[in-house]
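S.K.: In this note's numbering, the protein residues as written are 490 to 612. By construction, the Cβ of each residue, glycine as well, lies at the ideal position given by its N, Cα and C atoms. There's a structure below that I have some questions on.
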């Protein structure tokens, strides 16, 4: 569990540095740091993926990795991480957050397939 915690801490440190870089207008650096955060969190999630009893840690790590994947433009990976998290036994609140995250990354495609123009500002 220490390795998982270490990776998660490193991921959160990179994510924080990425936010600071964004605030400074350093978008290339922010993306690079977000990618490092994503890779660390993905590795942490992979170490616990088969331990279904390790909730809520398992689903929280997968949710966090999915969120970071989205920031890096890795949408298919985010979808996979969300699915893995939901395939376990996440607490209801985290399961709802995972479902909301899935909808968030797919809503535009959903409406486009139906010929509906989606205006996020009106939402």
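Output needed for residue 492: all residues of its chain with C-beta closer than 6 Å, excluding positions within five of it in sequence on either side, in chain order.
M.R.: Here the set comprises nothing.
S.K.: So, using beta-carbon positions, are residue 526 and residue 496 closer together than 7 Å?
M.R.: No, they are not a contact pair.
S.K.: Could you tell me the distance, in whole angstroms, from the CA atom of residue 541 to the CA atom of residue 547?
M.R.: Cα to Cα, residue 541 sits roughly 7 Å from residue 547.
S.K.: Straight-line CA distance for residue 506 to residue 522?
M.R.: Their backbone Cα atoms lie some 7 Å apart in a straight line.
S.K.: Could you give the distance in angstroms between the alpha-carbon of residue 574 and the alpha-carbon of residue 536?
M.R.: Going by the C-alpha atoms only, they are around 13 Å apart.
S.K.: Quick one, are the C-beta atoms of residue 600 and residue 607 less than 7 Å apart?
M.R.: Closer than 7 Å, so yes.
S.K.: Determine, using beta carbons only, whether residue 529 and residue 555 come nearer to each other than 7 Å.
M.R.: Contact: no.
S.K.: Alpha carbon to alpha carbon, what distance is there between residue 585 and residue 538?
M.R.: About 19 Å.
S.K.: Give the secondary structure of residue 610 by DSSP, where H, G and I count as helix, E and B as strand, and everything else as coil.
M.R.: Coil at residue 610, not helix or strand.
S.K.: In angstroms, rounded to a whole number, what distance separates the CA positions of residue 513 and residue 504?
M.R.: Their Cα atoms are separated by approximately 14 Å.
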